[in-house]
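J.:
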Amino acid sequence: MLDDSNTTIAMQRVKGRAGAVIGPEGRLARLWQSGSAKAILPRMHGRAAEVVFLNTAGGLTGGDQLDYSIDLAAGAQAVGTTQTAERAYLSRTGLAQVDVTLTLGAGAKLHWLPQEMILFDGAAIARNLRVEMADDAELAVLETLVLGRAAMGERLARIHLRDRRRVIRGGRQVMLEAIALDDADLIRLGVAGLGDAVAVASLAFFAPDAEDRLAALRAVLPSDGVVRAAASAWDGRVMARFASPMAWPLRQAVARAVATVTGGALPRVWQI
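Each position in the sequence shown, counted from 1, maps to that position plus 1099 in this note's numbering.
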């Protein structure tokens, strides 16, 4: 019989890297994948390639690592997404780490539209998104967080989240956002924080004509009182924020906003 007090069990950890380089006309120039990370290209959106990332491990916990990247050549177009919502499970020790790197050449268009990250009670995760884009490129970046499994009535009591998003445009930093959420924050969050929201989303859109799309975006934002949303535009960008006590209405509102501001079709795997 093993003496548990003197036995250390090394748990298997997820490690995966996947990425794609897209050339002009949506042609795949390079594809790589390793470990639990996969990248597939199921179809085209007109001239835009669709890159779908998949974590075959089915979720993340402490010590897991995922690395996704998309690199667009000058004039290339692509839509990037994830096959399903990512799940951050209870972590016994350490952090799960997710890194996303996006690169856009001159005149390139990339719509990065991953599905939700669902945070389970006790999740510990750090995410880092870094974008480098040319001045005249077009970029949409969507991030959605769901706090707990709403269908099961779960309310989070323990969490460790570090979420960082950075956009470099024409060599100049134009966006830097960081979110830190810990156990104590779940208690303190009130009207000035998330309030009753269990699902939140942020949509950023950068393009030479981005500000011209604000009116159309505001026209499709929800006004039913279930999803709170607002949008603003300045300096070649549009920003929209969403918060809701229910995940599904937020997902629908976000889908309408994305389709409106990008003028393109949503990834098929979204199933809206």
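For every residue, glycine included, the Cβ atom is placed at its ideal position computed from N, Cα and C. What you are looking at is a predicted structure, and each value in this text was computed from that prediction instead of being measured.
(1) I need the boundaries of the beta strand (DSSP E) containing V1326, first residue and last residue.
(2) Once you ignore the five residues that flank A1156 on each side, which residues in its own chain have a CB closer than 6 Å to its CB?
(3) Using a 10 Å radius around the Cβ and a threshold of 16 neighbouring Cβ atoms, would you call D1163 buried or exposed?
(4) By how many angstroms is the C-alpha of L1165 removed from the C-alpha of P1123?
(5) Please state whether DSSP places E1149 in a helix, a strand or coil.
(6) Does the stretch 1331 to 1339 come close enough to the stretch 1299 to 1309 that 3 or more CB-CB pairs lie under 8 Å?
(7) Run through the DSSP bridge pairs and tell me what Y1167 is partnered with.
(8) Could you compute how far the alpha carbon of A1225 sits from the alpha carbon of H1259?
(9) Give me the residue from L1241, R1264 and V1368 with the minimum Cα distance to A1356.
(10) Please classify W1211 as buried or exposed, where buried requires at least 16 neighbouring CB atoms within 10 angstroms.
(11) Just the C-alpha distance for L1365 and A1354, rounded to the nearest angstrom, thanks.
T.: To lay it out plainly:
(1) No beta strand (DSSP E) contains V1326, which DSSP labels as neither H nor E.
(2) V1113 and S1135
(3) buried
(4) 27 Å
(5) strand
(6) yes
(7) A1117 and V1199
(8) 8 Å
(9) L1241
(10) buried
(11) 7 Å
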